[in-house]
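Read in order, the letters of the sequence shown are residues 41 to 546 in the numbering used here. Backbone N, C-alpha and C define an ideal beta-carbon position, used for all residues, glycine too.
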Amino acid sequence: MHPTPTAPSRIPTGVPGLDDVLFGGLVRGGFYLLQGDPGAGKTTLALQFARGRVAAGESCLYITLTETHRDLADAAASHGWTLDGIDLCDLTRTAPNRVGEPDTSIFHPSETELGETTQAILAAVDRVRPRHLIFDGLSEMRLMAGEPLVYRRQLLALKEFCAERGLTVLVLDDRAAAFGALPAESLVGGNIILERSLPVYGRARRRLHVTKVRGSSFREGYHDYEIAQGGLVVYPRLVAAEHHVTFERRTHPSGVRNLDAMLAGGLTSGSTTLFLGPAGSGKSTVAMQYVVSAMRAGLPAAVYMFDEVLDTLFRRVEKLCAVGEGGLRGFKERGLLHAQQVDPAELTPGAFTHEVCRAVDAGARVVVIDSLNGYLNAMPEERFLTTHLHELFSYLNQKGVVTLFVLAQHGMLASSSLPGDVDVSYLADTVLLFRYFEARGEIQQAVSVFKKRTGAHERTLRQMRISSSGIAVGEPLREFRGVMTGVPLFDGEAGLLRAPEGQDQD
Numbered sequence: 041m042h043p044t045p046t047a048p049s050r051i052p053t054g055v056p057g058l059d060d061v062l063f064g065g066l067v068r069g070g071f072y073l074l075q076g077d078p079g080a081g082k083t084t085l086a087l088q089f090a091r092g093r094v095a096a097g098e099s100c101l102y103i104t105l106t107e108t109h110r111d112l113a114d115a116a117a118s119h120g121w122t123l124d125g126i127d128l129c130d131l132t133r134t135a136p137n138r139v140g141e142p143d144t145s146i147f148h149p150s151e152t153e154l155g156e157t158t159q160a161i162l163a164a165v166d167r168v169r170p171r172h173l174i175f176d177g178l179s180e181m182r183l184m185a186g187e188p189l190v191y192r193r194q195l196l197a198l199k200e201f202c203a204e205r206g207l208t209v210l211v212l213d214d215r216a217a218a219f220g221a222l223p224a225e226s227l228v229g230g231n232i233i234l235e236r237s238l239p240v241y242g243r244a245r246r247r248l249h250v251t252k253v254r255g256s257s258f259r260e261g262y263h264d265y266e267i268a269q270g271g272l273v274v275y276p277r278l279v280a281a282e283h284h285v286t287f288e289r290r291t292h293p294s295g296v297r298n299l300d301a302m303l304a305g306g307l308t309s310g311s312t313t314l315f316l317g318p319a320g321s322g323k324s325t326v327a328m329q330y331v332v333s334a335m336r337a338g339l340p341a342a343v344y345m346f347d348e349v350l351d352t353l354f355r356r357v358e359k360l361c362a363v364g365e366g367g368l369r370g371f372k373e374r375g376l377l378h379a380q381q382v383d384p385a386e387l388t389p390g391a392f393t394h395e396v397c398r399a400v401d402a403g404a405r406v407v408v409i410d411s412l413n414g415y416l417n418a419m420p421e422e423r424f425l426t427t428h429l430h431e432l433f434s435y436l437n438q439k440g441v442v443t444l445f446v447l448a449q450h451g452m453l454a455s456s457s458l459p460g461d462v463d464v465s466y467l468a469d470t471v472l473l474f475r476y477f478e479a480r481g482e483i484q485q486a487v488s489v490f491k492k493r494t495g496a497h498e499r500t501l502r503q504m505r506i507s508s509s510g511i512a513v514g515e516p517l518r519e520f521r522g523v524m525t526g527v528p529l530f531d532g533e534a535g536l537l538r539a540p541e542g543q544d545q546d
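This is the structure:
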């Protein structure tokens with residue numbers, strides 16, 4: 041029988057989220073290449089790793105050919121750190137690098153510089169005898185080597201030297217153009233690439249991906265990350281299939297009698313509902329009515345607003361949804377409501393997904409995204425946003441969350457079409473359709489259930505009125521024809537809902 045292979049020993053990177061991407065961290069004794077454009081965060085990540093190892097009681101040697109001791113100290117100070125405990129070998133001021141150093145050698149400068157630098161690196165390792173080595177200077181070594189073959193031999197020699205001493209090595213490179221036909225990726229055991237790009241509007245977008253880890257699996261694909269006060273934070277790509285849980289299917293009512301009748305009692309836990317209609321037709325207010333009803337039953341909720349400031353949201357909901365004493369702020373103080381105003385120019389899709397998942401882990405049973413238009417339109421350069429959302433909605437469904445998201449149609453009439461890049465059937469289990477129609481010289485509102493995958497629902501259209509008395513849904517509009525066109529024909533004598541005396545609709 042063949043012996044069962046043992047899992048490799050892992051070392052935490054000290055970077056939140058990166059260990060999840062690497063399935064536990066760096067492989068102990070591995071030789072890793074960290075590549076990135078200037079400003080991508082290579083030095084910050086390396087310092088986080090070094091600080092984490094020193095805090096764990098393991099020695100770490102940081103050899104630099106590019107950043108001086110002062111540069112590294114300044115970088116650490118910008119995050120509130122110090123270099124205490126890290127053995128630092130600054131080779132930026134070695135003799136071959138000093139300006140004005142007399143050149144009396146008969147050899148080519150690359151021959152003497154590379155040899156002296158290599159000897160200084162080896163001597164520093166033998167002197168400190170660290171458990172971990174960070175080498176910030178692969179681009180400098182490439183330039184000193186002069187020829188691809190010399191560069192390859194030096195890198196292989198360094199790798200073998202570290203392997204003999206059992207070191208875990210992190211080598212930093214600036215992603216310069218491939219050196220001949222011998223890219224460094226082919227010589228290392230693991231390769232992590234940091235990317236930085238600038239959109240037309242908003243802050244820089246940063247993402248990383250891992251191309252290889254010899255002898256170990258890892259989470260493939262791109263993962264968003266940010267550089268904040270305190271270092272890098274990585275947002276691993278969400279894989280909904282990894283988050284299956286068992287939950288009890290429940291019906292969540294809105295508290296509006298006829299609306300619940302249309303949905304055979306309410307919305308189902310573990311489902312996604314789309315509120316679709318023109319601007320001002322009541323989508324957001326009805327969505328928040330479900331939030332208020334859930335919080336009254338003691339269920340926490342999370343609301344993410346792309347189109348509306350929180351103060352306006354609170355005022356509107358407290359006026360129209362009969363929130364009760366204490367209002368939304370009372371629910372927030374009791375920990376039942378998490379409300380966040382999202383600035384998409386500052387928040388990447390991965391960071392937004394992370395925020396939602398964190399709210400669900402904290403107990404949120406209802407999640408509102410208002411609106412999908414704001415999410416899609418504010419990040420037009422981000423690709424596959426609908427795929428991001430589908431994965432997020434699948435995750436929420438598998439967690440038993442009631443997910444509500446709002447989508448405004450273009451224009452005011454029912455003939456307006458959806459944005460071409462949004463597939464409603466692809467994203468939603470239930471669709472509530474809101475419409476305007478004209479009757480008796482007034483603009484009226486109608487609501488219908490377009491579909492409900494999780495159970496029965498009415499196919500009728502009902503009038504809806506929103507006033508300071510709350511949300512009211514009437515009986516089916518059976519005496520009307522053509523409500524969906526916006527200008528219906530009246531075939532009967534039944535009356536329409538009217539606002540209470542002196543209370544105009546909002």
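| Asked | Found |
| --- | --- |
| Residue range of the beta strand (DSSP E) that F201 falls in? | That residue, F201, is in no beta strand (DSSP E); its alpha helix (DSSP H) goes 188-204. |
| In terms of alpha-carbon separation, which member of S294, T84, Y262, G81 lies closest to S333? | S294 |
| Kindly indicate which three-state DSSP category Q269 falls into: helix, strand or coil? | coil |
| For V487, which of R505, G481, R480, R493 has the nearest alpha-carbon? | R505 |
| Measure the beta-carbon distance from F175 to L207 and round it to whole angstroms, keeping in mind my assumption that it falls under 8 Å. | Rounded, the Cβ-Cβ distance is 10 Å, inconsistent with contact. |
| Counting only the same chain and skipping the five closest in sequence on each side, list residues whose C-beta sits under 6 Å from that of K323. | F315, G317, V446, F474 |
| Pick helix, strand or coil for G414, following the three-state DSSP scheme. | helix |
| What would DSSP say about K323, mapped onto helix, strand or coil? | helix |
| Does DSSP put I126 in a helix, in a strand, or in coil? | coil |
| According to DSSP, is F315 part of a helix, a strand, or is it coil? | strand |
| Only counting the same chain, and skipping five residues up and downstream in sequence, which positions put a Cβ closer than 8 Å to that of D60? | R259, V274, P276 |
| In chain order, what residues of the same chain lie with their CB nearer than 6 Å to the CB of S49, ignoring the 5 residues before and after it? | R68 |
| Measuring only the C-alpha atoms, how far is A499 from R521? | Rather than Ala, the amino acid found at residue 499 in this sequence is Arg. Roughly 14 Å separates the two Cα atoms. |
| What is the DSSP secondary structure of S455, reduced to helix, strand or coil? | Per-residue confidence for S455 stands at a pLDDT of 44, beneath the threshold of 50, marking its modelled position as unreliable; no derived number is given. |
| If the criterion is Cβ atoms closer than 9 Å, does the pair G270 and F71 meet it? | no |
| When DSSP labels each residue in this structure, what does D77 get in the three-state scheme? | coil |
| Classify S145 as buried or exposed, calling it buried when 16 or more other Cβ atoms lie within 10 Å of its own Cβ. | Legend: pLDDT at S145 = 43, less than 50; position of this residue unreliable, no value from coordinates given. |
| How many whole angstroms separate the CB atoms of A342 and V382, which I take to be in contact at a CB cut-off of 8 Å? | About 11 Å separates the two Cβ atoms, so there is no contact after all. |
| Using the Cα positions of V253 and L299, report the straight-line distance between them to the nearest angstrom. | 54 Å |
| Please state whether the Cβ-Cβ distance between Q194 and A203 is less than 9 Å. | no |
| Considering only the alpha carbon of each residue, which of L412, L472, R355 lies closest to L429? | L412 |
| Check L234 in the structure and name its three-state DSSP category. | strand |
| Give me whichever residues DSSP pairs with R505 in a beta bridge. | A512 |
| Rounded to whole angstroms, what is the Cα-Cα separation between A385 and V407? | 22 Å |
| Among the residues of its own chain, which have a CB less than 8 Å from the CB of L391, if the five just before and after it don't count? | Sequence inspection shows Ala at residue 391; the Leu mentioned does not correspond to that position. Result list for A391: D264, E266, Y275, in chain order. |
| Entirely within the stretch 329-365 and at least 4 residues each: give me those alpha helix (DSSP H) ranges in chain order. | 350-360 |
| Helix, strand or coil for S309 per DSSP? | coil |
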